[in-house]
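Residue numbers (the numbering used here): 239 to 592.
For glycine and all other residues, C-beta sits at the position ideal for the given N, C-alpha and C.
Presented below is the structure to which this report refers.
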Ligand code: ADP
Ligand code: CIR
């Protein structure tokens, strides 16, 4: 079925798109007349154009970022726009080098209290080298990615052993329940839709779930791989250790798009580098009545506040998803510390109000 908002832009735009006054996206800030003139009409190595790169932020004027890459090469071809977005979001410069450190023994902090911490989740995003990203991938290539993923999952051992569930074969009730329980990605995201990321849905999409339901891999959603470790409570070190182990293993069985400057390549520039988002669902019923203070603590600690059902959702019952905002320029261990520091300070503030 044809969707009018899907990414069917022509390679060259007639004129620079307009942004409403209320539009606060980084796209609207950095797509100046000069940048537009420079990039309009050119394409990356996979044929991805500026029109495609920016469509989501043009269609969805309430975007916070507004762009999605089409391939690893988009970051080079469209650098005059993307470098500025990356600089503002992560504080990362074009000459900086990516850092990585998965040593879980460096997370030597006390588990945060389960009374406040409902659950902890850490994920990283990856995409295969030699393929376009999900925005530009063909149906056939998407199926190839899924097959590579399924073969890789066969090699998991111990705690990571589990089952792959294709979305094509999943009944609606199971899908709904997995989404509500925070395991599965949602369906019909309008930002992804406008970027062409929902084409051929649900073909080629699915989720791997280990037997203990503590380790998951999303296949062919916004990124080709989202590798996730999660469990109830606030034991960040346990969640990180499991993910670190999985990271070692999955790198042996799949070749991911990566370079020394950008680290792991992601579809959204917010996810380049480590691709790591460490979050806690933290319960702050009193502090939630003072959002200014909560936001101040978040900014100071470089953490982002999301609602209970993920990005662009609302909080319920004073529970927030608090996660590291930056994903590059700092190692995995350091970014987990950002999240820890932010959540810890929020809990301390909550206790003062009790
Ligand atoms: P991501 O950026 O990792 O894709 P989203 O914001 O889209 O994350 O959220 C994906 C799902 O993960 C949602 O259901 C969200 O509620 C869930 N989630 C995120 N953090 C946690 C957490 N700490 N505990 C439980 N579920 C979580
Ligand atoms: C937006 O621009 O709002 C969406 N395309 C989502 C951006 C990713 N959000 C984030 O902060 N990591």
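Look at the alpha carbon of residue 306 and the alpha carbon of residue 502, and state the distance between them as a whole number of angstroms.
15 Å
Can you find the residues in the same chain that come closer than 7 Å, C-beta to C-beta, to residue 563, ignoring five residues on each side of it along the sequence?
540, 541, 542
Which residues does DSSP pair with residue 469 in a beta bridge?
358
Grouping DSSP H, G and I as helix and E and B as strand, with all else coil, what is residue 447?
strand
Residue 354 and residue 312 look like a contact to me (Cβ under 8 Å); what is the Cβ gap, rounded to whole Å?
With a Cβ gap of about 40 Å, residue 354 and residue 312 do not count as contacting.
Cut-off 6 Å between Cβ atoms - residues of its own chain near residue 266, not counting five sequence neighbours on either side
257
Look up residue 364 in the DSSP assignment and give the residues it is bridged to.
463
Residues bridged to residue 331 [DSSP beta-bridge criterion]:
DSSP, once it has assigned bridges, lists no residue as partnering residue 331.
If you draw a straight line from the alpha carbon of residue 528 to that of residue 552, how long is it in whole angstroms?
16 Å
Using the rule of at least 16 other Cβ atoms within 10 Å of the residue's Cβ for burial, across every protein chain shown, is residue 415 buried or exposed?
exposed
Of the residues 490, 296, 516, 319, the one placed nearest residue 262, counting alpha carbons only:
296
Reduced DSSP secondary structure (H/G/I, E/B, other) of residue 252
coil
Under 7 Å between C-beta atoms of residue 373 and residue 435:
yes
Taking the alpha carbon of residue 318 as the reference point, which residue from 343, 271, 471 has its own alpha carbon closest?
271
Use the C-beta contact count for residue 495: other C-beta atoms within 10 angstroms, 16 or more gives buried, fewer gives exposed.
buried
Between the beta-carbon of residue 251 and the beta-carbon of residue 289, is there less than 7 Å?
yes
Extent of the continuous beta strand (DSSP E) run through residue 580
Taken as a continuous stretch (DSSP letters only), residue 580 belongs to no beta strand (DSSP E), being part of the alpha helix (DSSP H) at 570 to 591.
Taking its Cβ as the centre, do 16 or more other Cβ atoms sit within 10 Å of residue 310, making it buried, or is it exposed?
buried
For the ligand ADP, I want to know if residue 585 counts as a neighbour, meaning its beta carbon is within less than 6 Å of at least one of the ligand's heavy atoms.
no
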